[in-house]
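Step one of this worksheet: look at the structure below.
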Amino acid sequence: MKVKSILGISTLTLLIIASGSVYSSNYQEHSKDVEDWRKTGTPEEQLKALVKVTPGTHHWMPEIAYRLQSMYWAGKQQKWEFAEYQIDSMEKMIGRVANARPKRGPSIDTFKANVFGELYKAVKSKDFEVFAEAVAITSTECTACHAKEGFGYIAIPAVPPKPNNIVLD
Ligand code: HEC
66 MKVKSILGIS TLTLLIIASG SVYSSNYQEH SKDVEDWRKT GTPEEQLKAL
116 VKVTPGTHHW MPEIAYRLQS MYWAGKQQKW EFAEYQIDSM EKMIGRVANA
166 RPKRGPSIDT FKANVFGELY KAVKSKDFEV FAEAVAITST ECTACHAKEG
216 FGYIAIPAVP PKPNNIVLD
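Everything in the sequence shown is counted per our numbering, starting at 66 for the first residue and increasing by one.
Okay, structure coming up:
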């Protein structure tokens, strides 16, 4: 396990160094002496810097909201496979938040337990009324997590606005 993660880091480091050298030629004269952690940092410093740039809750949330919007409107337009695809994407993204920000994990576990079973059942029913109810429960759970995490003013509506999605009418 340890060997594997060390190998993982060095492969990643190699990739970063390789991409750094490709792009470094585009930098201007005034920045040529600036230290670049991707080239000169120790593996520990590089790992620390990489963890810092890992997208966190703030990054994933608008993406998750977009999935909720697309999922609702896909159901409204009877595009059930597309709706299910969006539920699946949303589940993966919320999992990424738990991984990137472990302290959000307990709230995410509650959300997952209260939401996904209902959503998958509803999308399979292909009944829009059932589906709209499951989406409304989801929105309530989104808002409940925001309140619990100290962002009670981020309230998610039961009927989300239509997204700008090329797949939807
Ligand atoms: C862990 C509990 C949690 C769950 C579950 C959750 N959120 Fe969030 N959400 C947050 C936190 C925390 C923030 C504020 C993050 C920050 O600013 O660092 C946030 C921020 C947001 C924002 C504001 C983003 C911005 O920058 O404008 C939106 C929109 C959002 N969430 C939508 C949703 C939707 C839609 C759902 C449900 C499908 C959801 N969230 C589920 C915790 C959660």
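For glycine and all other residues, C-beta sits at the position ideal for the given N, C-alpha and C.
Within the present structure, is the beta-carbon of residue i separated from the nearest heavy atom of the ligand HEC by less than 7 Å?
i	result
L184	no
P228	no
F216	yes
T122	yes
M155	yes
L133	yes
I221	yes
T205	no
S96	no
A130	yes
R169	yes
S172	yes
Please report the distance separating the alpha-carbon of residue i from that of residue j.
i	j	result
G217	T107	41 Å
P228	K117	30 Å
E94	H123	35 Å
N91	Y131	35 Å
M66	V200	At M66, the pLDDT of 44 sits below 50, so the modelled position is not reliable; the number obtained from the coordinates is stated separately. Spanning the two alpha carbons is a distance of roughly 41 Å.
K113	D192	48 Å
L72	A223	Legend: pLDDT at L72 = 49, less than 50; position of this residue unreliable, no value from coordinates given.
G160	I129	11 Å
V195	T119	37 Å
Hey, residue i and residue j are a contact pair by Cβ (cut 8 Å); roughly how many whole angstroms apart?
i	j	result
D234	Q142	6 Å
(message) Taking contact to mean 3 or more Cβ pairs, one atom from each stretch, closer than 8 Å, check whether the segment 186-200 and the segment 140-160 are in contact.
(response) yes
(request) For the segment 200-214 and the segment 169-178, state whether three or more C-beta atom pairs, one from each stretch, are separated by less than 8 Å. (result) yes
(message) As an exercise, report each continuous alpha helix (DSSP H) stretch of at least 4 residues that is fully enclosed by the segment 166-211, in chain order.
(response) 170-190
(message) Which runs of the beta strand (DSSP E) at least 3 residues long sit entirely within the segment 98-133? Give them in chain order.
(response) Qualifying beta strand (DSSP E) stretches: none in this window.
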